[in-house]
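Position in the sequence shown counted from 1, then plus 125, gives you this note's numbering.
Glycine residues also receive a C-beta, built at the ideal position from the N, C-alpha and C atoms.
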Amino acid sequence: MKRNLLIATGLVLAGLILYLGISGNRYQEEGSDDDRSNQAIDSVSQATEKRYQKLEIRDYEGIRLDPSVGPRDNSIAGIQQVNIEEYELQITGLVKNPLSFSYEQVLENKSYERLITLYCVEGWDATILWKGVRIMDLLNEAGILNENSNVIFHCVDGYTTSMPLEIIKARDMLLAYSSNGVTLPESLGFPFIVVAEDKAGYKWARWVNEIEISDDLTYEGFWESRGYSNEADIRR
Ligand SMILES: Nc1nc2c(c(=O)[nH]1)N[C@H]1C(S)=C(S)[C@@H](COP(=O)(O)O)O[C@H]1N2
Ligand SMILES: [Mo]
Numbered sequence: 126m127k128r129n130l131l132i133a134t135g136l137v138l139a140g141l142i143l144y145l146g147i148s149g150n151r152y153q154e155e156g157s158d159d160d161r162s163n164q165a166i167d168s169v170s171q172a173t174e175k176r177y178q179k180l181e182i183r184d185y186e187g188i189r190l191d192p193s194v195g196p197r198d199n200s201i202a203g204i205q206q207v208n209i210e211e212y213e214l215q216i217t218g219l220v221k222n223p224l225s226f227s228y229e230q231v232l233e234n235k236s237y238e239r240l241i242t243l244y245c246v247e248g249w250d251a252t253i254l255w256k257g258v259r260i261m262d263l264l265n266e267a268g269i270l271n272e273n274s275n276v277i278f279h280c281v282d283g284y285t286t287s288m289p290l291e292i293i294k295a296r297d298m299l300l301a302y303s304s305n306g307v308t309l310p311e312s313l314g315f316p317f318i319v320v321a322e323d324k325a326g327y328k329w330a331r332w333v334n335e336i337e338i339s340d341d342l343t344y345e346g347f348w349e350s351r352g353y354s355n356e357a358d359i360r361r
């Protein structure tokens with residue numbers, strides 16, 4: 126009798142650990158059709174499975190990557206469709222030469238690859254292999270006039286967010302055009318997303334079309350002006 130109770134308790138605990146291990150990720154949908162009891166801790170549901178694109182990389186140095194297309198859209202004005210022929214990325218504000226880059230021109234810069242997790246304040250996260258150009262490379266080409274500046278990202282959907290120049294420099298942040306080895310999907314901000322390492326998801330501006338150097342050090346973007354911390358440091 127005692128032994129059965131022990132086994133039952135063990136099973137319940139194992140189940141709980143398994144459940145906790147696979148929840149809390151944006152790619153684990155509520156009510157998905159998978160059979161969780163048959164899963165290893167790091168396996169994914171069928172719903173998640175379907176979101177991986179054909180050529181998407183799924184593992185990197187032993188770490189499982191999340192699909193770069195999420196299960197739902199939380200954007201302020203829906204998923205944006207950018208016509209890449211007409212697209213321009215502007216560098217404006219306190220710079221020597223305001224610049225305008227085409228998509229191709231941005232991609233001519235040296236590229237960097239990094240595995241970084243995006244943490245949203247809603248509680249989910251996504252670990253993705255990003256590839257992009259250094260934001261500082263673009264800004265230096267325009268010539269920064271004041272090092273003590275704020276960098277405001279403007280997006281196609283009217284969304285804005287900002288970070289101090291010194292943070293972008295210190296983290297050597299990327300403007301990514303690729304996720305998990307494929308072209309950045311529309312839902313993730315095609316053509317470009319700011320990879321705001323160690324900052325909450327709302328600093329990860331998607332569909333960026335203007336980077337402004339500003340002397341307004343207390344600027345508040347879309348979510349910041351609605352009460353979210355302007356520092357947005359993530360706690361892990
Ligand atoms: N242009 C734009 N960028 C944006 C947003 C948005 O609504 N518009 N949402 C932000 C938020 S709150 C998060 S968590 C990340 C990822 O959003 P996702 O959940 O839609 O992938 O994008 C950020 N960048
Ligand atoms: Mo978010």
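Item to check | Environment of Asn-334 [buried if 16+ CB atoms lie within 10 Å] | outcome: buried
Checklist entry - Quick one: is Glu-349 buried, meaning 16 or more other Cβ sit within 10 Å of its Cβ, or exposed? => result buried
Checklist entry - Going by DSSP, which residues form a beta bridge with Lys-324? => result Asp-358
Checklist entry - So is the beta-carbon of Gly-346 under 7 Å away from any non-hydrogen atom of ligand 2? => result no
Checklist entry - By Cβ distance, which residues of its chain are closer than 8 Å to Gly-268, with the 5 residues on each side in sequence left out? => result Val-220, Lys-221 and Asn-222
Checklist entry - Going by the C-beta, is Cys-245 closer than 7 Å to any heavy atom of ligand 2? => result yes
Checklist entry - If we call anything under 8 Å between Cβ atoms a contact, is Leu-290 one with Tyr-237? => result no
Item to check | Residue environment, Arg-197, which counts as buried when at least 16 other CB atoms sit within 10 Å | outcome: exposed
Checklist entry - Excluding five sequence neighbours on each side, which residues of the same chain lie with their C-beta closer than 6 Å to the C-beta of Gly-218? => result Glu-337, Ile-338 and Ser-339
Checklist entry - Is the closest heavy atom of ligand 2 to the C-beta of Tyr-237 under 7 Å? => result no
Next on the checklist: Please classify Leu-303 as buried or exposed, where buried requires at least 16 other C-beta atoms within 10 Å of its C-beta.
Outcome noted: The identity of residue 303 in the sequence shown is Ser, whereas the question assumes Leu. Ser-303 comes out buried.
Next on the checklist: Is Gly-326 near ligand 2 - that is, is its Cβ less than 7 Å away from at least one heavy atom of it?
Outcome noted: yes
Item to check | Span of the alpha helix (DSSP H), counted from its first residue to its last, around Ala-267 | outcome: 260 to 267
Checklist entry - Which residue comes first and which comes last in the beta strand (DSSP E) that contains Val-231? => result Where Val-231 is concerned, there is no enclosing beta strand (DSSP E), although the alpha helix (DSSP H) it sits in stretches over 228 to 232.
Checklist entry - For the candidate residues Leu-232, Gly-283, Glu-247 and Leu-240, whose alpha-carbon lies nearest to that of Arg-259? => result Leu-232
Item to check | Selected residue, minimal CA-CA separation from Gln-205, among Asn-129, Glu-322 and Pro-316 | outcome: Pro-316
Item to check | Of the listed residues Glu-356, Glu-186 and Val-194, nearest to Tyr-177 (C-alpha basis) | outcome: Val-194
Next on the checklist: Assuming contact is defined by CB atoms lying nearer than 8 Å, are Ile-209 and Asp-282 in contact in what I supplied?
Outcome noted: no
Checklist entry - If we count the other Cβ atoms within 10 Å of its Cβ and call it buried at 16 or more, is Asp-184 buried or exposed? => result exposed
Item to check | Length of the line joining the Cα atoms of Met-261 and Val-276 | outcome: 11 Å
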